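The structure appears below as C-alpha cells.
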Amino acid sequence: MRNLKFGLIGTGFMGNAHAIALRSVGTVFDDIAAPTLHCLVDADVANAAKLAKAWGFDQSSDDWRSVCDDPDIDVVDICTPNHLHREMALAAIAAGKHVYCEKPLALSSADAISIRDAAEVAGVRTATGFNYICNPLISKARAMIASGSIGDIYSFRGSYQEDYLADPATPFGWRLLRSQGGAGALADLGTHLINMAEYLLGPMAAVLGSLTTVHPQRRDSRTGDMRTVENEDIAQVLVRFDRGCSGTMEISRVATGKKCGLEFEIFGSEGSIAFDQERMNELRLFSNGGAQDERGYRTILAGPEHPDYAAFCPAPGHGLGINDLKVIEVRNLLQGISSGDHIYSDFANGCRVQEISDAIETSAQKYNWIDVSEDALQSLGKNE
Ligand code: NAD
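Residue numbers (my numbering): -2 to 381.
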C-alpha cells in the first residue's frame, strides 16, 4: 500500500473530523500507509490557509477544481454542503480520482445515480460518510444478528433525533433550503438511520412516510428577515424489510433534549439488542434462557474483542469517540482502494440510501406505501 495523497474540500464540522482521521489513521492502524494531506480547500481563502498550516496540509486553495486537476492527488474528499456534492464528485471522478464524500451523497436519487454510475464506469473507489456503522459495537450487533444470537427478527424500532432546530429562534441556514440541503431531517439524520437499518438487517422492501415541519419560518441572521423553511423537521416512517420483519423509524431535528439520539431496538425470537449513539460504547442485550426471575438486559461495554477497538486501546470499557469512527471509515476506504474489496458504505450504498429517502418523501406526499426493493428502484432509475 502506498501513501495516497488527499485533497480535502471544506473546513467546517466535517472537514475538521476528516482531517483528524487522515492524520491519525496511519498511527492507529499500523498496516495502513499514512495518507499525505496534500491540499486543503475552502471558499474562505484565509481560513483554508490558516487551517492548512494547523492541520498539517502541504498547501491550501480556495478553488476546489484545483484538487481535481492536480495530477498528484489520488483522493478527493468532499466535506461541503449537500448541494455541492454532485458537481464536485463528478469532476473528481472525471479526473480519475477516488472520492470520499460526506452524506447525503446528493440532493436527489437522480443525482445520486449519476454519481454512482460515473464512479462505476471510471473504476474509481468511493466512500460515503456514514460513520456510525463503523462503531465496533455495531459490527458486533450485525454479527450477532447474522449468526442468529437473537433468533428470527420480529421488528426494528429506530430513531435519529436531535434538537439543533428545536428552538424557533435558531436562525435560518443552508440545511433548510431544498436547493442546498435537499430534504430536511431525512437528509441530515434519516440517511444515517436508513443506512444503519440496512447494514444490520439487510434491504428494506417498502416504506410509508409522514413528514412535518414544526417551525415553518426562521429569521435570516444576515438580513433580519423571516424566511420560509423548505423541508421537514420530523419524518416518521413505517418500514418492511425483505427478510420479513417490520419496523418504524422516527427522525427529528426538533427533538428537545436529544443531542445525537441515533437509537435502535431489534427484537427477535431469542432476545433483543438495543443501542443509543449517546452511549456509543454500550450495547444492551437481552437473551432468553436461564431462570425467568433472573432475566434482564445486560450491558456489553466496547472492548478489544470487538472489531477495530484494540487498534485504539488495549483496555475494555475505556471507550471510543466519534472521531475514532471516522478513523475506521478512512481505514476502510484506504483498505478498499488497495485491495479492491467492497467498501461499506460506498457510493452504491449512498445512492441506495438516497433512493429510499426520496421514496419516503414521495410516500408522504401520496399517502401510500412505496416499494423500495432493489428491483423496483432499479427499474425506477432506468425510467428517470
Ligand atoms: P459546515 O457548514 O460546517 O462546513 C462546510 C464547509 O464547506 C465550510 O467550511 C464552507 O466554507 C465550505 N464551502 C462551502 N462552499 C464551498 C465551495 N464552493 N468551495 C469550497 N468550500 C466550500 O458543514 P458541515 O456540518 O461540515 O457539513 C458538511 C457536509 O458534511 C454536509 O454534507 C453534511 O451533511 C455532512 N455532515 C456529516 C456528518 C456525519 O456524521 N457524517 C455530520 C455533520 C455534517
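Glycine included, C-beta positions come from ideal geometry on N, C-alpha and C. None of the values given here were measured: they were computed from a predicted structure.
Does DSSP put residue i in a helix, a strand or coil?
i, result
"A107", "helix"
"V22", "helix"
"E117", "helix"
"D305", "coil"
"F264", "strand"
"V369", "coil"
"P133", "helix"
"G206", "strand"
"Y196", "helix"
"L48", "helix"
"A271", "strand"
"E227", "coil"
"R237", "strand"
"M201", "strand"
"T253", "coil"
"R216", "strand"
"E291", "helix"
"M297", "Before going further, note that residue 297 is Ile rather than Met in the sequence given. DSSP places I297 in strand when its eight states are reduced to three."
"S342", "coil"
"F127", "coil"
"F153", "strand"
"R122", "coil"
"L174", "coil"
"G179", "coil"
"A232", "strand"
"G258", "strand"
"H189", "helix"
"G12", "helix"
"D355", "helix"
Can you give the beta carbon distance from residue i to residue j, rounded, assuming they're within the 8 angstroms contact cut?
i, j, result
"L183", "E229", "7 angstroms"
"G199", "F238", "6 angstroms"
"N278", "A299", "4 angstroms"
"G4", "V73", "5 angstroms"
"V38", "I17", "With a Cβ gap of about 17 angstroms, V38 and I17 do not count as contacting."
"E159", "A252", "6 angstroms"
"S156", "E260", "5 angstroms"
"F26", "R328", "5 angstroms"
"V22", "V324", "5 angstroms"
"G53", "L34", "5 angstroms"
"D59", "A40", "6 angstroms"
Considering residue i, what are the terminal residues of the beta strand (DSSP E) in which it resides?
i, result
"H244", "Looking at the sequence itself, residue 244 is Gly, so the reference to His does not match. Taken as a continuous stretch (DSSP letters only), the beta strand (DSSP E) holding G244 covers S243 to S249."
"H35", "T33 to V38"
"K2", "K2 to I6"
"E159", "Here E159 belongs to no beta strand (DSSP E), and DSSP marks it neither H nor E."
"L280", "E279 to S284"
Could you give the residue range of the alpha helix (DSSP H) that holds residue i?
i, result
"R328", "I319 to S336"
"I448", "What is shown of the chain runs -2 to 381, which leaves residue 448 out entirely."
"I29", "Unbroken run through I29: none, as it is neither H nor E."
**Q.** Segments of 3+ residues assigned as beta strand (DSSP E) that fall wholly inside the stretch 54 to 114
**A.** Segments of the beta strand (DSSP E) lying fully in the stretch 54 to 114: 56 to 58, 72 to 75 and 95 to 98.
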